[in-house]
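Beneath this line is the structure, given in C-alpha cells, with notes to follow.
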Amino acid sequence: AQSVSQHNHHVILSEAASLELGCNYSYGGTVNLFWYVQYPGQHLQLLLKYFSGDPLVKGIKGFEAEFIKSKFSFNLRKPSVQWSDTAEYFCAVKNGNNRLAFGKGNQVVVIP
Amino acid sequence: GAVVSQHPSRVICKSGTSVKIECRSLDFQATTMFWYRQFPKQSLMLMATSNEGSKATYEQGVEKDKFLINHASLTLSTLTVTSAHPEDSSFYICSARLAGTAYEQYFGPGTRLTVT
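From first to last, the protein sequence lines are chains A and B. For the first sequence, our numbering assigns the number 441 to the initial residue and increments by one for each residue that follows. For the second sequence, our numbering assigns the number 896 to the initial residue and increments by one for each residue that follows.
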C-alpha cells in the first residue's frame, strides 16, 4: 500500500520567514500529487496539484511545490509567510485507483 | 462553486444507538463521494468510496455492517454509524468528486461524532 510521509508535524515561525514542508510518498506508478490546507475551523481546501508537465507547480496564496520524481517528493514552499497562513497542511497522493492517501499533516503556526 | 455540506456538524449519541450523517454536493453533481475518518493529530483515513446507484467500496478493516453508506442520488450520500460505541467517536469528513473528472475532490466541513 502506498504511504505519504510528512515530517515535523509542528512548525512555528515568524511572519516573513520562509516555509518549506516536506512530503515523500511510496508509490512507484503514475501519481497525482496534492497539497490541501485546513484553516482553523474550516474544511480542507486545495492549495495546488500536480498531474504532469512542469514539476514546479504554483498554487494559491503564494504557495508552490516541486515534484522531484527521483526523490519521490513533493515539497511545499512559501518564501514569506503571513499570520493568516496559520493552518494545517496535508500532502495527498492519488494513485491509479483514484483514491487519495493523506499524510499526517503539518500544523503550522505563524507568529505575528 | 463546488460546495459540499455535511449535516449535522456535531452530534452526541448514546452507546448502542445509530447516527446518520449526510453529505451533499450543493452546486454540482457527484457520481463519487468519499468518506474519511480523522483522529486527533492524525491523517484522514479513507473509509469507503460511495458510488451513486451502486454499493460502496470499503477499505480494508472498515466494517461495512457498522458503517452503512447509501448514495441514492448524484448530490447526496449518507453514512450511518450503527450500534455506536465510544471508540467510534471521531471526526468524519466526506468529499465529493466532480462528475466527469477523475481528480477534483471537494471536501465537506466534517461531522464531530461523540458517543457517550
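Backbone N, C-alpha and C fix where the C-beta goes; we use that ideal spot for every residue, glycine too. Keep in mind that this is a model prediction, so the values were computed, not measured.
Boundaries of the beta strand (DSSP E) around I551/A: 546–551.
Of all residues in the region 988–1006 of chain B, those with a C-beta nearer than 9 Å to a C-beta of chain A are I988, S990, R992, A997, Y998, E999, Q1000, Y1001, F1002, G1003, P1004, G1005, reading in chain order. Counting only Cβ-Cβ distances below 8 Å, F491/A has contacts in chain B at Y998, in chain order.
Taking the C-beta atoms as reference points, F503/A is found no nearer than 7 Å to L473/A. Closest by C-alpha distance to S492/A, out of R1007/B, K936/B, Y998/B, is Y998/B. Excluding its 5 nearest sequence neighbours in each direction, Y479/A has C-beta neighbours in its own chain below 7 Å: A527, listed in chain order. When 9 Å is used as the limit between beta carbons, Q937/B is near these residues of chain A: K544, G545, in chain order.
Interface residue (Cβ-Cβ distance to chain B less than 7 Å): L484/A is classified as such.
With respect to the 7 Å criterion, Y476/A and F512/A are not classified as neighbours on the basis of their beta carbons. Residue pairing by DSSP places Y987/B opposite R932/B, T1006/B in a beta bridge. E460/A and A967/B have their C-alpha atoms some 42 Å from each other. If you look at F542/A, you'll find it in the beta strand (DSSP E) that goes 540–542. At a cut-off of 7 Å between beta carbons, R539/A contacts chain B. Rounded to whole angstroms, the gap between the alpha carbons of Q901/B and G481/A is 14 Å. Listed along the chain, the chain A residues whose CB falls inside 9 Å of the CB of L941/B are R539, L540, A541, F542. Residue environment analysis places L496/A among the exposed positions, since fewer than 16 neighbouring C-beta atoms fall within 10 angstroms of its C-beta. For W523/A, no beta strand (DSSP E) segment is defined, and its DSSP state is neither H nor E. Ranked by Cα distance from K518/A, the options H483/A, L453/A, F542/A are led by L453/A.
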